[in-house]
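Position 211 of the sequence shown, counting from 1, maps to 212 under our numbering, and the rest follow consecutively. Note that the Cβ used here is the ideal one computed from N, Cα and C, for glycine as well. Owing to the predicted nature of the structure, the values given are computational and were not obtained by experimental measurement.
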Amino acid sequence: MADKTPVKATFDSAGDADGLSEFVSGDTVPYTHGGTGLSSIGSAGQVVKVNSGANGLEWGGVEAVINIDGMTDKSSITLADTDKIPISDGGTEGYIVPTQIRGYLIKDEDAMDSNSATHMPSQQSVKAYADTKATTSNRLDEFANPTSALDINDQELQKAVLKDYAETDVAVSSGTTLAIDLSAGNTGSVTLAHSVTDIDFTNFPTNGVSS
């Protein structure tokens, strides 16, 4: 059945009803009498909502109806993989789940192959990477102040830091002369191997024993 034009009462100059007439463009029925007070249709996707003055109805976007600040506080909950989070993709609204966010922000790569500057590694990938480095690294400079014994095997030692008992650091490179100050009663021992051809001692203590 086609839409029908509603009718309304007409009034004379004294305010008395004197007849009926059809509604014309611009005529409205106020919300106080069961209407909306709206004289036109809104834009696509809009909804009817109470205006900011709380004294009438108006058309508005759906985003104006979703009051995030007025929602129940859920900041203490633990997110589940199936929880739904609203999102807009260029005007197309829908929802995503936490697993999608986790997959976008976090990479699970044991070898850190992507070398990403914008993603975080998973806990498992960090552990796997660290464990691999700890068991396969062949350079001392990949470790910070190692405290356990270092097995050089048959490799050439390019640089070392040796200490006497006075905690004096001495650095030496291969092919150079190493001098360790054992004065002032300091004692210690130096063991050299791998075809060392020349050793010179300076300020050697009088009570020291060399071998």
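As the crow flies, the alpha-carbon of T83 is around 21 Å from that of I69. By the CB criterion at 7 Å, S126 and D114 fall outside the cutoff. S89: member of the beta strand (DSSP E) spanning 86-90, first to last residue.
In this structure S22 touches V8 by the C-beta definition: roughly 7 Å separates them, less than 8 Å. Annotation for Y32: no alpha helix (DSSP H) segment contains it, and DSSP assigns it neither H nor E.
Taken through DSSP and simplified to helix, strand or coil, I69 comes out as helix. Three or more Cβ pairs drawn from the segment 57-66 and the segment 30-46 lie within less than 8 Å of each other, which places the two stretches in contact. The C-alpha of L80 is placed about 12 Å away from the C-alpha of I97. Considering only L58, A10, D111, the residue with the shortest C-alpha distance to F24 is A10.
Relative to the Cα of P87, the nearest Cα in the group Y105, I78, I67, S40 belongs to I67. Going by C-alpha positions, G38 is about 19 Å away from D4.
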